[in-house]
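Participant: Take this structure, written in structure tokens, and hold onto it; I'll ask about it next.
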Amino acid sequence: MSYTCLIIEDCSFIREIYRLNLKDSKIEIIDEAHDGLIGLQKIKLLQPDIIILDLVLPEVNGFDVLSQTHQLSPHSKVLIVSTMADSNYKKKAMNLGAVGYLDKPFTKLELLSAIDDVTQQYDGVQNG
Numbered sequence: 001m002s003y004t005c006l007i008i009e010d011c012s013f014i015r016e017i018y019r020l021n022l023k024d025s026k027i028e029i030i031d032e033a034h035d036g037l038i039g040l041q042k043i044k045l046l047q048p049d050i051i052i053l054d055l056v057l058p059e060v061n062g063f064d065v066l067s068q069t070h071q072l073s074p075h076s077k078v079l080i081v082s083t084m085a086d087s088n089y090k091k092k093a094m095n096l097g098a099v100g101y102l103d104k105p106f107t108k109l110e111l112l113s114a115i116d117d118v119t120q121q122y123d124g125v126q127n128g
């Protein structure tokens, strides 16, 4: 099974890293957003299975995007990928509905493992 993915990340270099690392995986990147406001619009329009979300974004920050995601796209699963490695940020993100949290910088293996964890949770919801 493949999963649709929206990337919300302000750094074009990091977005390219996602594209390269997920190219041959079960993830289909359907679109990207470089700020939180555009990200929210694309979440509502595209209803992606998975959202890779940075916390530090222009316009609307990642926490605000995360807090609105469930209302805009109830089935979407959010993986936070951020330099904000403090445990309080992780706890806040998980309380707001994120299903995973990956610290930057990350390796390809770490990214694929985090994505696999998200898809397993997704499969559990679909099959459970």
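Throughout the sequence shown, residue numbering follows our numbering, covering 1 to 128 in sequence. Heads up, the beta-carbon is just placed ideally off N, CA and C, and yes, glycines get one too. For clarity, every value in this text was computed on a predicted model and none was experimentally measured.
#1: Fully enclosed by the region 36–98, which alpha helix (DSSP H) runs are 4 residues long or longer?
#2: Starting from glutamate 16 and walking both ways along the beta strand (DSSP E), at which residues does that stretch end?
#3: Leaving out the 5 sequence neighbours to the left and right, which residues in its chain are closer than 6 angstroms to aspartate 49 when beta-carbon positions are compared?
#4: Should alanine 33 go down as buried or exposed, given a rule of 16 or more other Cβ atoms within 10 Å for buried?
#5: Which two residues bound the contiguous beta strand (DSSP E) that contains glutamate 32?
#6: On the three-state DSSP scale, how would you describe threonine 4?
#7: What whole-angstrom Cβ distance do aspartate 54 and serine 76 have, given they're in contact under 8 angstroms?
#8: Are there 16 or more other CB atoms within 10 angstroms of the CB of leucine 6, so buried, or fewer, so exposed?
#9: Suppose you measure from the CA of aspartate 117 to the CA of phenylalanine 63; what does that come to, to the nearest Å?
Facilitator: Judging by the given coordinates:
#1: 36–46, 62–72, 87–95
#2: Reading the sequence shown from its first residue, position 16 is the one you call residue 16. It is not in any beta strand (DSSP E) - glutamate 16 instead sits in the alpha helix (DSSP H) that spans 12–22.
#3: Position 49 of the sequence shown holds residue 49. Only Tyr3, Thr4 meet the Cβ criterion.
#4: Within the sequence shown, the letter at position 33 stands for residue 33. It counts as buried.
#5: Counting from 1 along the sequence shown, the entry for residue 32 is found at position 32. Taken as a continuous stretch (DSSP letters only), the beta strand (DSSP E) holding glutamate 32 covers 27–33.
#6: Position 4 of the sequence shown, counted from the first residue, corresponds to residue 4. Strand, per DSSP.
#7: In the sequence shown, residue 54 corresponds to position 54, counting from 1. In the sequence shown, residue 76 corresponds to position 76, counting from 1. Contact flag wrong, Cβ pair sits at about 16 angstroms.
#8: Taking the first residue of the sequence shown as position 1, residue 6 is located at position 6. Per the 10 Å Cβ criterion, buried.
#9: In the sequence shown, counting from the first residue as 1, residue 117 sits at position 117. In the sequence shown, counting from the first residue as 1, residue 63 sits at position 63. If I take the Cα positions, the gap works out to 21 angstroms.
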